[in-house]
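Written out below as structure tokens is the structure these notes cover.
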Amino acid sequence: MDLKSRCVKLNDGHLMPVLGFGTYAPESVPKSKAYESTKIAIDVGYRHIDAAYLYQNEVEVGDAIRAKIVDGTVKREDLFYTTKVWCTFLRPDLVRQCLERSLRKLGLDCVDLVLIHIPVALKPGEEILPMDSSGKILVETVDLCQTWEALEKCKDAGLTRSVGVSNFNRRQLEMILNKPGLKYKPVCNQVECHLYLNQQKLLNFCKSKDIVFVAYSALGSHRDPKWIKGGCPQFLEEPVLNDIAKKHNRTPGQVALRYQLQRGAVVLAKSFTEKRIKENFQVFDFTLTPEDMKALDGLNKDFRYFKIDFGIGNPNYPFDDEY
Ligand code: NDP
Numbered sequence: 036m037d038l039k040s041r042c043v044k045l046n047d048g049h050l051m052p053v054l055g056f057g058t059y060a061p062e063s064v065p066k067s068k069a070y071e072s073t074k075i076a077i078d079v080g081y082r083h084i085d086a087a088y089l090y091q092n093e094v095e096v097g098d099a100i101r102a103k104i105v106d107g108t109v110k111r112e113d114l115f116y117t118t119k120v121w122c123t124f125l126r127p128d129l130v131r132q133c134l135e136r137s138l139r140k141l142g143l144d145c146v147d148l149v150l151i152h153i154p155v156a157l158k159p160g161e162e163i164l165p166m167d168s169s170g171k172i173l174v175e176t177v178d179l180c181q182t183w184e185a186l187e188k189c190k191d192a193g194l195t196r197s198v199g200v201s202n203f204n205r206r207q208l209e210m211i212l213n214k215p216g217l218k219y220k221p222v223c224n225q226v227e228c229h230l231y232l233n234q235q236k237l238l239n240f241c242k243s244k245d246i247v248f249v250a251y252s253a254l255g256s257h258r259d260p261k262w263i264k265g266g267c268p269q270f271l272e273e274p275v276l277n278d279i280a281k282k283h284n285r286t287p288g289q290v291a292l293r294y295q296l297q298r299g300a301v302v303l304a305k306s307f308t309e310k311r312i313k314e315n316f317q318v319f320d321f322t323l324t325p326e327d328m329k330a331l332d333g334l335n336k337d338f339r340y341f342k343i344d345f346g347i348g349n350p351n352y353p354f355d356d357e358y
């Protein structure tokens, strides 16, 4: 990882900017906010945009990207765009369809990266969360190696430059890495990671395999009740974090992001508020000391916001293993 060039080289040779702009927002947020915020983010300097079929705002994010290309702010090749294949498309014959839907909404020919969003499959169909008549979410089991092969084919077809995974544990990463006939290694594993869940072991494992570790919810997560139970602890108020932020004349959010960069993680930051979009980009001009890093490591309590309840009990559920 090179913090000066602000990019990391992926194991397939492509470059990924180390700070990404997150685009998930709860359903209550008007979709037009994604359009406005993505335009602001590109103006501010973000060149990595993290999106997904699930977020249901790729039309607006794509409109913003194309508007910024048309007005000359960026060229397509300056941007790194990630999308994700949702759980209802994990059967191998459906993977490409999900990516093609994202591309159509975006109005682009090719994304930079496509990820398996979550390793637990849901029953195929138009519903994001398919349910039976009693409201139970309909989960199914897929062979993730076959899903991976379908993703490799998307790369061969030129629909994406790189392929990766999200929310995979070590065992699942090893399963892909050891798959007979593996054509492409996952370039990254995008997982929840922040001061209360620093994922040191998974980070070390990813580094040892040349898989980029991408941290989401690094600012404490959106805590949308659709996905996260209420009453979760929030670390941005932690005195240790606030003292370090004061010492560097920074905000707690900036320190929480810088912490990830200095550990060698790529970090995502979501904000749809202009002031914070700008603030979160100002993380390249200060350095946390080894003592600061150690104190921040000490805040870890292996607390996970996203438990992905619907997957509990499925053989592909990722969070039963230690990491
Ligand atoms: P973050 O942890 O990045 O941000 C959480 C909230 O913090 C935002 O809603 C934002 O509100 C607020 N915020 C932003 N900047 C600051 C700041 N400097 N100080 C204080 N508060 C701040 O949110 P996410 O959980 O959305 O994660 C980031 C991105 O990661 C997502 O948008 C998505 O792209 C990706 N992601 C991927 C997942 C996966 O399964 N692969 C799961 C979850 C997220 P406001 O908008 O009002 O500023």
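36 is the number of the first residue of the sequence shown in the working numbering; add one for each residue after it.
From the three backbone atoms N, C-alpha and C, an ideal C-beta is built for every residue, glycine too.
To the nearest whole angstrom, what separates the beta carbons of Q295 and A253, a pair I think is in contact under 8 angstroms?
5 angstroms
Hey, how far is the Cα of Y251 from the Cα of D144?
Note on geometry: alpha-carbon atoms of Y251 and D144 lie some 26 angstroms from one another.
Beta carbon of D37: closer than 7 angstroms to some heavy atom of the ligand NDP?
no
Touching or not, the region 259 to 276 and the region 307 to 319, by the rule of three or more beta carbon pairs under 8 angstroms?
Fewer than three pairs of CB atoms, one per stretch, sit closer than 8 angstroms, so the region 259 to 276 makes no contact with the region 307 to 319.
Of the choices D320, I77, Q207 and L50, whose alpha-carbon is the least far from that of N284?
D320
From G299, E314 and A300, residue whose alpha carbon lies closest to that of S306:
E314
Mind checking whether the beta-carbon of Y251 lies closer than 7 angstroms to any heavy atom of the ligand NDP?
yes
In angstroms with no decimal places, state the Cα-to-Cα distance between L179 and P165.
20 angstroms
Indicate, with yes or no, if the ligand NDP has a heavy atom lying under 7 angstroms from the CB of R311.
Of the heavy atoms belonging to the ligand NDP, at least one sits nearer than 7 angstroms to the Cβ of R311.
On the DSSP bridge list, what partners appear for K44?
Partner(s): L50.
Using the C-alpha atoms, what's the distance from P65 back to V96?
13 angstroms
Could you compute how far the alpha carbon of L230 sits from the alpha carbon of E135?
36 angstroms
Inside the region 270 to 328 only - alpha helix (DSSP H) runs reaching at least 4 residues:
274 to 282, 287 to 297 and 309 to 316
Three-state secondary structure assigned by DSSP to N239
Three-state result, N239: helix.
Around the Cβ of P260, are there at least 16 other Cβ atoms within 10 angstroms (buried) or fewer (exposed)?
exposed
Suppose you measure from the CA of H49 to the CA of V222; what does that come to, to the nearest Å?
9 angstroms
Hey, V43 and V302: beta-carbon distance below 8 angstroms or not?
no
Flag this pair as yes or no: are the beta carbons of F56 and A76 separated by less than 8 angstroms?
yes
Under the DSSP definition of a beta bridge, which residues are partnered with A157?
First, the residue type needs correcting, since residue 157 is Leu and not Ala in the sequence shown. Answer is V174.
Identified DSSP bridge partners for Q225:
Under DSSP, the beta-bridge partners assigned to Q225 are S201 and V249.
Is F341 helix, strand or coil by DSSP?
coil
Less than 8 angstroms between the beta carbons of Q297 and L334, yes or no?
no
So for V149, helix, strand or coil by DSSP?
strand
Let me check one thing: in DSSP terms, what residues is L232 bridge-paired to?
H229
Residue from V155, S67, N239 and T118 whose Cα sits closest to the Cα of S137:
Selected option, being the one with the closest Cα: T118.
Pick from L141, Q181 and K282 that is closest to L217, judged by C-alpha positions
Q181
Give me the residue from R205, D98, L212 and D113 with the minimum Cα distance to E71.
D98
From the DSSP secondary-structure annotation, give me the bridge partner or partners of H83.
F115.
Status (buried if at least 16 other CB within 10 Å, exposed otherwise) for S67
Around the beta carbon of S67, fewer than 16 other beta carbons lie within 10 angstroms, which makes this residue exposed.
So, with DSSP's three-state summary, where would you put G348?
coil
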